[in-house]
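Engineer: Structure below; questions to follow.
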Amino acid sequence: MSTPKDERQKDLFRPALDSIIDLKHPLVLLAQRIDWAFLERRLGSVYKPGPGQPPLPVRLIAGLMILKHMESLSDEALCARFLDSPYVQFFCGEVSFRHDLPPHPELVEG
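According to the numbering used here, the sequence shown is numbered sequentially starting from 151.
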């Protein structure tokens, strides 16, 4: 069985987001208030390993869905926002800044 795709170890020599962003930014504060472990327990069964491509981390999926609905973003706008904003990436559980989207064709459907 597959495990959730998490390639953060590859970013070992890149600066951590929490060392380059303002920790008082509204998205950072919101991320600290959300019980991500609860969401992991509740949604983990939906995004469980199985045949095909391994699932993405629950925090990434949940974070993107929260932002999409909170700010009424289209899929395209959400993807652009993720690529442009270290705060969005931090909110979604990224450890260091990514210059690409996580590889999954159904990332923002729904």
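Backbone N, C-alpha and C fix where the C-beta goes; we use that ideal spot for every residue, glycine too. Source: prediction; values computed, not measured.
1. Please confirm whether L167 and P236 have their CB atoms less than 8 Å apart.
2. What did DSSP end up calling S262 once you bin it into helix, strand or coil?
3. Less than 8 Å between C-beta atoms, sequence neighbours within five positions excluded: which residues of the same chain meet that for L180?
4. Taking V178 as part of the alpha helix (DSSP H), name the residues at either end of that continuous run.
5. If you compare alpha carbons, which of G194, E190, R231 is closest to L217?
Structural biologist: Put simply:
1. Locating residue 167 in the sequence shown gives position 17, counting from the first residue. Locating residue 236 in the sequence shown gives position 86, counting from the first residue. Cβ distance < 8 Å, so L167 and P236 count as in contact.
2. Nothing about residue 262 can be reported from this structure: the residues present for the chain run from 151 to 260 only.
3. Start at 1 with the first residue of the sequence shown, and residue 180 comes out as number 30. Counting only Cβ-Cβ distances below 8 Å, and skipping sequence neighbours, we find F241.
4. For this step, residue 178 is matched to residue 28 along the sequence shown. Element bounds for V178: 176–183.
5. Looking up residue 217 in the sequence shown gives position 67. Selected option, being the one with the closest Cα: R231.
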